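With the first letter of the sequence shown counted as 1, position 295 gets the number 295 in UniProt numbering; the numbers rise by one all the way through.
What follows is a short report on a single structure.
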Amino acid sequence: MIASLIKRLGEDTGVVLPEVRVTGDDPVFASVFRVDVAAAASVGAVTAAVAAYWTRRGGAPAVDPDVSVDVRHAAAAFQSERHFRIDGEKAVLWAPLSGDYRTADGWIRLHCNFDHHRDAALRALGLAVGAGRDDVAAACAGRTGIDVEEAVTREGGCAAAMRTRQEWLAHPQGRAVAELPLVGLSRFTASATPALGGAREAVDGAREAVDGPRPLSGVRVLDLTRVIAGPVAARILAAHGAEVLRVGAAHLPEVPGLVVETAFGKRSCHVDLRSEPEVLRDLVRQVDVVIQAHRPGALRERGFAPEDLAVLRPGIVCVDISAYGSRGPWAGRRGFDSLVQMVSGIAHENGDGSRPVPLPAQALDHATGFLAAFGAVAGLLRRTGEGGSWHAEVSLARTAAWLDDLGRSAGDAPEPRVDDLLAGMESEFGTLTYVRPPGRIRGAEPYWASAPPSPGGHRAEWATATGTG
Numbered sequence: 001m002i003a004s005l006i007k008r009l010g011e012d013t014g015v016v017l018p019e020v021r022v023t024g025d026d027p028v029f030a031s032v033f034r035v036d037v038a039a040a041a042s043v044g045a046v047t048a049a050v051a052a053y054w055t056r057r058g059g060a061p062a063v064d065p066d067v068s069v070d071v072r073h074a075a076a077a078f079q080s081e082r083h084f085r086i087d088g089e090k091a092v093l094w095a096p097l098s099g100d101y102r103t104a105d106g107w108i109r110l111h112c113n114f115d116h117h118r119d120a121a122l123r124a125l126g127l128a129v130g131a132g133r134d135d136v137a138a139a140c141a142g143r144t145g146i147d148v149e150e151a152v153t154r155e156g157g158c159a160a161a162m163r164t165r166q167e168w169l170a171h172p173q174g175r176a177v178a179e180l181p182l183v184g185l186s187r188f189t190a191s192a193t194p195a196l197g198g199a200r201e202a203v204d205g206a207r208e209a210v211d212g213p214r215p216l217s218g219v220r221v222l223d224l225t226r227v228i229a230g231p232v233a234a235r236i237l238a239a240h241g242a243e244v245l246r247v248g249a250a251h252l253p254e255v256p257g258l259v260v261e262t263a264f265g266k267r268s269c270h271v272d273l274r275s276e277p278e279v280l281r282d283l284v285r286q287v288d289v290v291i292q293a294h295r296p297g298a299l300r301e302r303g304f305a306p307e308d309l310a311v312l313r314p315g316i317v318c319v320d321i322s323a324y325g326s327r328g329p330w331a332g333r334r335g336f337d338s339l340v341q342m343v344s345g346i347a348h349e350n351g352d353g354s355r356p357v358p359l360p361a362q363a364l365d366h367a368t369g370f371l372a373a374f375g376a377v378a379g380l381l382r383r384t385g386e387g388g389s390w391h392a393e394v395s396l397a398r399t400a401a402w403l404d405d406l407g408r409s410a411g412d413a414p415e416p417r418v419d420d421l422l423a424g425m426e427s428e429f430g431t432l433t434y435v436r437p438p439g440r441i442r443g444a445e446p447y448w449a450s451a452p453p454s455p456g457g458h459r460a461e462w463a464t465a466t467g468t469g
């Protein structure tokens with residue numbers, strides 16, 4: 001099943017993938033949903049795409065590279081933030097007010113990890129800044145879930161009422177999501193990609209030989225993302241040798257533990273788009289892939305829509321990650337993994353229906369992250385053969401629909417063993433313990449060449465003198 005899912009992803013995006021050898025068995029997790037299958041398929045897909053790209057560029061030692069994915073390792077990677085340690089200590093992942101609350105007719109989940117989202121939720125509930133969890137629980141108990149969801153959303157916050165699978169499938173956004181491809185990949189129109197000249201013609205036509213010893217050596221990636229899905233996408237590209245520059249801003253909130261855990265192999269800079277838009281434009285002009293997961297429309301408002309990036313950098317691959325997809329009434333709505341689990345019926349079915357029970361991993365985040373990385377490399381593959389600039393789109397909600405389509409599991413697996421999948425690395429934060437990158441290409445094992453840097457610790461410039469174009 002896993003091998004056929006990987007093959008289908010290749011077919012749907014128009015790329016030919018090498019065969020992937022699957023080792024290990026499912027189930028790995030105690031869940032009614034086949035999270036382990038989604039893990040192995042998404043990891044296997046990006047690994048196969050990287051191997052195909054390496055071969056296309058002339059760097060692979062064989063025409064048919066040996067590609068494999070281990071189900072348990074892929075599943076462990078889906079829980080990477082849970083296994084991550086700094087000097088033996090777990091990272092704090094949830095703020096005090098984040099969580100599930102009973103409502104008059106069911107349950108609501110509030111996402112309060114960022115202060116402005118917390119304050120929006122408190123305003124919507126008529127509570128003062130500084131209110132505690134008991135206050136929030138009392139306020140939610142007197143209102144319906146949909147009422148709280150809509151009130152928090154109007155205030156600019158993030159909330160999700162628990163729905164059944166049937167309710168989501170009948171919802172206008174659920175219907176819109178069902179019409180989207182799992183990984184949408186399309187070529188920009190000619191008007192968005194001017195004709196190239198001079199040395200840059202290499203980007204829009206056949207690729208030159210590999211620039212280094214690793215599959216993605218010489219590929220430059222801008223990581224304009226936060227939290228899990230986007231950073232995971234850029235992190236796995238770094239594990240295969242891409243030069244990844246993570247762009248944040250000093251004024252934007254972060255989840256500290258996640259910032260470190262998802263930054264292996266990357267450099268990090270700060271750019272304030274309110275006052276330094278040209279700095280980002282300069283970076284884009286020299287890039288191969290841009291991964292963004294800002295609030296839908298936020299970058300477009302500042303002149304950094306995918307079409308704008310394709311004009312700045314002909315031959316670019318733009319990857320957009322959203323919560324609910326690019327169509328439907330919720331296309332512009334903020335969202336996170338735990339919220340999509342609630343609205344899509346996953347949290348309802350994973351329990352007994354009386355209270356929400358989350359998946360054993362932030363599976364929508366991680367699967368979407370690996371699928372986004374797959375979309376990026378698929379775009380590079382299409383670029384090498386056909387030229388042009390490419391646009392990949394993924395969403396947490398569409399990934400949730402894919403997980404739903406994978407069928408159901410017995411749900412009685414023991415907690416998976418991970419000790420043999422962990423590694424250690426010294427960093428400026430201390431000694432880090434982490435899950436090694438999953439997926440294998442013989443002769444090009446993925447690894448992170450550097451420890452996570454401090455946020456904004458590098459200059460907003462590329463480390464190497466030249467890119468791949």
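We put the CB at the ideal spot given by N, CA and C, even for glycine.
All values reported here derive from a predicted model rather than from experimental measurement.
- Proximity to Ala229 across Ser80, Leu309 and Pro360 peaks at Ser80, based on C-alpha coordinates.
- In this structure, the straight-line span from the alpha carbon of Ala159 to that of Asp100 is close to 10 Å.
- Burial check for Leu252: the Cβ neighbour count within 10 Å stays below 16, so the residue is exposed.
- Put simply, of Glu386, Asp419 and Leu381 the residue whose alpha carbon is nearest the alpha carbon of Val15 is Leu381.
- In the DSSP assignment, Glu386 falls within the alpha helix (DSSP H) that extends over Ala363 to Glu386.
- Note that the C-beta distance between Pro27 and Ala410 is below 8 Å.
- In this structure, Ala242 keeps its C-beta atom at 8 Å or more from the C-beta atom of Pro446.
- By the C-beta criterion, the stretch 304-313 is judged not to be in contact with the stretch 56-69, since fewer than 3 inter-stretch pairs fall below 8 Å.
- Contact between Ala372 and Val343 fails: their C-beta atoms lie close to 21 Å from each other, not under 8 Å.
- When Cβ pairs closer than 8 Å are counted between the two stretches, the stretch 79-94 is seen to touch the stretch 248-266, the count reaching three or more.
- Scanning Ala331, Arg82 and Ala30 for the CA closest to the CA of Leu396 turns up Ala331.
- Residue pairing by DSSP leaves Thr464 without any beta bridge partner.
- Close CB contacts of Arg123 within its chain, under the 6 Å cut and outside five residues either way in sequence, are with Glu155 (chain order).
- Within the stretch 54-138, the beta strand (DSSP E) runs of at least 3 residues that lie entirely inside it are, in chain order, 67-70, 99-102 and 107-110.
- Nearest neighbour of Ser31 by Cα position, chosen from Leu224, His348, Gly335 and Ile291, turns out to be His348.
- Counting other Cβ atoms within 10 Å of its Cβ, Gln341 reaches 16 or more and is therefore classed as buried.
- Under the three-state reduction of DSSP output, Thr47 falls in the helix class.
- The beta carbons of Gly439 and Val69 sit closer together than 8 Å.
- One Cα belongs to Asp412, the other to Ala233, and the distance between them is close to 30 Å.
- According to DSSP, residue pairing for Arg440 in a beta bridge involves Ser68.
- A contact is defined here as three or more CB-CB pairs under 8 Å, and the stretch 306-326 meets this definition with respect to the stretch 397-404.
- Inter-segment contact for the stretch 349-369 and the stretch 276-288 is absent: fewer than three beta-carbon pairs are separated by less than 8 Å.
- Between Cys318 and Leu312 the beta-carbon gap is near 11 Å, outside 8 Å, which marks them as no contact.
- DSSP places Gly10 in the helix class (H, G or I) of the three-state scheme.
- A distance of 8 Å or more separates the beta carbons of Leu169 and Arg327.
- For Ser450, the CB contacts under 7 Å within the same chain, skipping 5 residues up- and downstream, are Gly265 in chain order.
- Listed in chain order, the non-local C-beta contacts of Leu403 below 8 Å within the same chain comprise Phe33, Arg34, Val35, Ala38, Ile346, Ala363, Leu364 and Ala367, local neighbours out to five positions each way being set aside.
- A straight line joining the alpha-carbon of Ile236 with that of Val148 spans about 37 Å.
- As the crow flies, the alpha-carbon of Ala249 is around 42 Å from that of Asp352.
- Closest option to Gly379, judged by alpha-carbon separation, among Trp107, Leu273 and Ile316: Ile316.
- The criterion of a C-beta distance shorter than 8 Å is satisfied by Cys112 and Ala121.
- For His240, DSSP assigns no beta-bridge partner whatsoever.
- Under the three-state reduction of DSSP output, Ser322 falls in the strand class.
- Of the candidates Arg143, Ser268 and Glu167, the residue whose Cα lies closest to the Cα of Gly456 is Ser268.
- The three-state secondary structure of Ala249, taken from DSSP, is coil.
- The criterion of a C-beta distance shorter than 8 Å is not satisfied by Leu421 and His116.
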